[in-house]
Amino acid sequence: MDATTTPSPDVLRFTRAERWTHRTIAILTVVLILTGAALFFPDLSVLVGNRPLVKNIHTVSGLLLPLPLIVAAFFVAFRRDAELLNRFSPDDWRWLRSRERRSGTIPVGKFNAGQKLNAAFTLGSIIVMFGTGVIMWQNGYFSDDIRTGATFVHDWLGLVVVIMVAGHTWMAMNDAEARRGMRTGTVTRSWAEREHSQWVTQDSKV
Amino acid sequence: MGRRVVLGMVGLGVVGVFAGRAAQQTVNSTVGTIPGLGAVVPAAGGFRIYTVTNGYPEMNPNAYRLAVYGGVNNELSLSLADLADLPQTQMTKDFQCVTGWRVDDVPWNGVLLSDILAAAGANPEAYALRFFSFDGVYTESLTMEQAMRPDVLIATAMFGKPVTREHGGPVRLYVAPMYGYKSLKWLSGIEVVNTVVPGYWEQRGYDIDAWVGASNGRNDDPIA
Chain P
14 MDATTTPSPD VLRFTRAERW THRTIAILTV VLILTGAALF FPDLSVLVGN
64 RPLVKNIHTV SGLLLPLPLI VAAFFVAFRR DAELLNRFSP DDWRWLRSRE
114 RRSGTIPVGK FNAGQKLNAA FTLGSIIVMF GTGVIMWQNG YFSDDIRTGA
164 TFVHDWLGLV VVIMVAGHTW MAMNDAEARR GMRTGTVTRS WAEREHSQWV
214 TQDSKV
Chain Z
158 MGRRVVLGMV GLGVVGVFAG RAAQQTVNST VGTIPGLGAV VPAAGGFRIY
208 TVTNGYPEMN PNAYRLAVYG GVNNELSLSL ADLADLPQTQ MTKDFQCVTG
258 WRVDDVPWNG VLLSDILAAA GANPEAYALR FFSFDGVYTE SLTMEQAMRP
308 DVLIATAMFG KPVTREHGGP VRLYVAPMYG YKSLKWLSGI EVVNTVVPGY
358 WEQRGYDIDA WVGASNGRND DPIA
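These protein sequence lines are chains P and Z, in that order. To convert a position in the first sequence, counted from 1, into my numbering, add 13. To convert a position in the second sequence, counted from 1, into my numbering, add 157.
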């Protein structure tokens, strides 16, 4: 490996605030998926029982879910990364379509196009799941049609979220250095140059 | 671009909330009819499973007894075999929940409540019935007139199979013309009484006479 033969200084990828934002959202998401599954699948419901408790945990976790993002918005580093995630370049579109996206021939900044789409999907999901969840929670204020519609959206998007989270986890499991970046905040310069060439050349902050 | 994805999802979410009811019905009538998929695809099987206690009570079918008592000539304690010896009735009818979802054309099997009341020699002057669940909490009520209808069943089978635990097995009430909360799950006792005693959901604001389409402020199609 390059990193061991030619030791290179580490690069700061995520600040402490960003890591804690990720961590709290991840924990809440896992709790929401597990309790949601226990509420949703009849066989699992019977197995787990304790429906009122499971329901309360699910509701409280859901209500807490936007909180880490709101707190994170007060941190400059988070806002700067959010800006990077929001910006799509022509290279990003090429990257998405190319079979050689992993070869490094298409320039990639701090975030690749897949990560950008995942970030947008995650934020969109949180907003929609939160909104439909509140309708189901405060059901007395809404008509049956709206409640049924909210349940429908919550169910289906929930299923898609589970698939996306599984994919996200799978990608992370295949890249120890990316995981280290999110766990400790730093990555090796060689990894950064290989995976995010434009990021390290344009921003040499260590 | 990221912003557009987020806004697009929110827009789709809003559309889904307003169109979801129709979409859910389409899902139920198409995907929901494919065996096996109903358990995975959201609510495709149609039923949502509720319980009023912390769990889903379990009952050994061999130990099961249905008690019929109160204003009767012969108190009964019916095992599943006893229920099977009574005249059997089959009907295919919808199940409509007061929260909005409906499952079309559910095949039900069991004994008409009127046949059980006849077997017990229920006092025809008695005005009402109370129903008790072996979950220890859930109760329901019907007037005697409602109970004698030919679409009120003590159900022992749904979809051609014994009523499962989550659906209220081994024996549940099925009051076809009324909202689902009247169809008490995990039935263990029927008491013949002289006044209507509001059941679990009725104590929580739901209508006692829960006719589908004519109660609880709803306008669903009545159960044919």
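Backbone N, C-alpha and C define an ideal beta-carbon position, used for all residues, glycine too. Predicted model only: the values in this text are computed from it and were never measured.
Using beta-carbon positions only, say whether residue i and residue j come within less than 8 angstroms of one another.
i        : j        : result
Z:Tyr336 : Z:Asn280 : no
Z:Val162 : P:Phe134 : yes
Z:Ala276 : Z:Leu233 : yes
P:Val166 : P:Ile46  : no
P:Gln212 : P:Lys123 : The sequence given here has Trp at residue 212 of chain P, not Gln. In contact: P:Trp212 and P:Lys123 (Cβ atoms closer than 8 angstroms).
P:Leu76  : P:Ile38  : no
Z:Ile365 : P:Ser58  : no
Z:Met216 : Z:Phe316 : no
P:Ala132 : Z:Gly159 : yes
Z:Tyr226 : Z:Leu237 : no
Z:Glu297 : Z:Gly362 : no
P:Val2   : P:Leu170 : Here chain P has residues from 14 to 219 only, and residue 2 of chain P is not among them.
P:Thr42  : P:Val67  : no
P:Lys129 : P:Leu82  : no
Z:Pro307 : Z:Ile380 : no
P:Val121 : P:Glu208 : yes
P:Thr34  : P:Phe101 : no
Z:Ala304 : Z:Tyr338 : no
Z:Val174 : P:Thr145 : yes
Z:Thr249 : Z:Asp239 : no
Z:Asn231 : Z:Gly278 : yes
Z:Glu323 : P:Pro55  : yes
Tell me which same chain residues have a C-beta within less than 6 angstroms of the C-beta of residue i, skipping the five on either side of it?
i        : result
Z:Pro244 : Asp272
Z:Gly228 : Asn280, Ala283, Val349
Z:Ser340 : Leu330, Tyr331, Val332
P:Ile148 : Phe155, Ala163
P:Arg107 : Ile119
Z:Gly170 : none
P:Asp105 : Ala126
P:Val44  : Ser74
Please name the residue or residues paired with residue i in a DSSP beta bridge.
i        : result
Z:Met248 : Z:Trp265
Z:Gly346 : Z:Ala224, Z:Phe289
Z:Thr296 : Z:Phe289
Z:Met315 : Z:Trp265, Z:Lys318
Z:Gln253 : Z:Arg259
Z:Ala279 : Z:Val229
Z:Ser234 : Z:Ala224
Z:Trp368 : Z:Met335
Z:Arg329 : Z:Ala312
Residues in its own chain within less than 8 angstroms of residue i by CB, not counting five upstream and five downstream?
i        : result
P:Asp23  : Thr199, Val200, Thr201, Arg202, Val219
Z:Asn376 : Gly370
P:Ser210 : Gly117, Pro120, Val121
Return the chain-ordered list of same chain residues with a C-beta closer than 7 angstroms to the C-beta of residue i, the five sequence neighbours on each side being excluded.
i        : result
Z:Thr300 : Tyr284, Ala285, Val353
P:Phe27  : Gly194, Met195, Gly198
P:Phe143 : Gly75, Leu78, Pro79
P:Arg192 : Ala185
P:Leu109 : Ala126
P:Asp15  : Annotation note: pLDDT 49 at P:Asp15 (below 50); position unreliable, coordinate value reported separately. Hits under 7 angstroms: Ser203.
P:Val175 : Ile46
P:Ala30  : Ala85, Phe88, Ala90, Phe91
Z:Asp378 : Gly370
P:Ser217 : For P:Ser217, the predicted model reports a pLDDT of 48, less than 50, meaning its position is unreliable and no value from the coordinates is stated.
P:Ser111 : Ile119
Is the beta carbon of residue i within less than 7 angstroms of some heavy atom of the ligand SAM?
i        : result
Z:Val354 : In terms of ligand content, the structure shown is empty, and the ligand SAM therefore cannot be addressed.
Determine the chain A residues that contact residue i at a beta-carbon separation under 7 angstroms, and present them in chain order.
i        : result
P:Arg114 : In summary, chain A is missing from the structure at hand, where the protein chains are P and Z.
Touching or not, the stretch 258 to 268 of chain Z and the stretch 307 to 322 of chain Z, by the rule of three or more beta carbon pairs under 8 angstroms?
yes
Taking one C-beta from the stretch 286 to 299 of chain Z and one from the stretch 346 to 364 of chain Z each time, how about it: are there three or more such pairs within less than 8 angstroms?
Contact holds between the stretch 286 to 299 of chain Z and the stretch 346 to 364 of chain Z, because three or more Cβ pairs, one in each stretch, are under 8 angstroms apart.
Ranges of the alpha helix (DSSP H) found wholly within the stretch 32 to 108 of chain P, counting only runs of at least 4
Within the stretch 32 to 108 of chain P, the runs of alpha helix (DSSP H) at least 4 residues long that lie entirely inside it are, in chain order, 55 to 61, 64 to 77, 80 to 85, 89 to 99.
Is the stretch 154 to 165 of chain P close to the stretch 68 to 88 of chain P, with three or more CB pairs under 8 angstroms?
Because the criterion of three Cβ pairs below 8 angstroms is not met, the stretch 154 to 165 of chain P and the stretch 68 to 88 of chain P do not touch.
Taking contact to mean 3 or more Cβ pairs, one atom from each stretch, closer than 8 angstroms, check whether the stretch 319 to 328 of chain Z and the stretch 247 to 261 of chain Z are in contact.
no
With three or more C-beta pairs closer than 8 angstroms as the rule, is the stretch 57 to 64 of chain P touching the stretch 202 to 218 of chain Z?
Judged by pairs of C-beta atoms under 8 angstroms, the stretch 202 to 218 of chain Z touches the stretch 57 to 64 of chain P, as three or more such pairs exist.
Considering only residues of the stretch 116 to 172 of chain P, which uninterrupted alpha helix (DSSP H) runs meet the minimum length of 4 residues and lie entirely inside it, listed in chain order?
The stretch 116 to 172 of chain P contains these whole alpha helix (DSSP H) runs: 126 to 150.
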